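Under this note's numbering, think of the first position of the sequence shown as 956, with each following residue one higher. Note that beta-carbon positions come from the ideal geometry of N, C-alpha and C, so glycine has one too. Values in this document were obtained by computation on a predicted structure and should not be read as measured data. Below is one structure, written out as structure tokens; comments come after it.
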Amino acid sequence: MKRNETCCFTGHRKLPKEQYAEIEKVLEKRITELIEKGVHYFGVGGALGFDTMAALTVLKLKERYPHIKLILVLPCKNQTAKWQQKDIDVYEYIKSKCDKYVYTSQYYYNGCMQKRNKHLVDNSGYCICYLTNGNSGTAFTVNYAKKNNVVIYNIFEETNKYNVQ
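Below, the structure written as structure tokens:
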């Protein structure tokens, strides 16, 4: 895989329900634009919230663009240990439909999520994020991506252009 053909995703686990449809619409538009620019690989961290939305959107777009690949970069094998069953079911569905999945660690430890996030960024030329604040794992990942000259698209900014924060 080449970095200029790869996009990763990072975002918050909780998304505003009232904006869910708009976030999904802008996300699909951004991914489609990148596909048309020659991006073939899409790396997702497998977390709840934005990661799940991104993975499902890539899977949906694979119907129209069968050459694209969804790669899950998972932090550990027991990531879903404290999740609700409905979330585990969606996670397992995504795993069953992705083109490849890898674990950056066998088991959870303090720092395994950051290791996963660095792996995603280190292998990407683009990052689509949903970042609302500067004090989060998502902010760490976006800042790391900026330092590594990754092109960033923040869906939050695109869906909140006219809202004063």
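Check, Outcome
"By Cβ distance below 6 Å, which residues in the same chain neighbour Ile1049 in space, the five residues on each side in sequence not counted?", "Ala1010"
"State the Cα-Cα distance for the pair His995 and Gly1092, rounded to the nearest angstrom.", "26 Å"
"Could you give the DSSP three-state label for Lys1015: helix, strand or coil?", "helix"
"Measure the C-alpha to C-alpha separation of Asn1088 and Glu988 and round it to an integer number of angstroms.", "26 Å"
"Once the 5 residues before and after Val1013 are set aside, which same chain residues still bring their CB inside 8 Å of it?", "Ile986, Phe997, Val999, Ile1023, Leu1025"
"Please classify Gly966 as buried or exposed, where buried requires at least 16 neighbouring CB atoms within 10 angstroms.", "buried"
"With C-beta atoms as the reference, is Ile1110 less than 9 Å away from Leu1016?", "no"
"Measuring only the C-alpha atoms, how far is Ile990 from Ala1100?", "20 Å"
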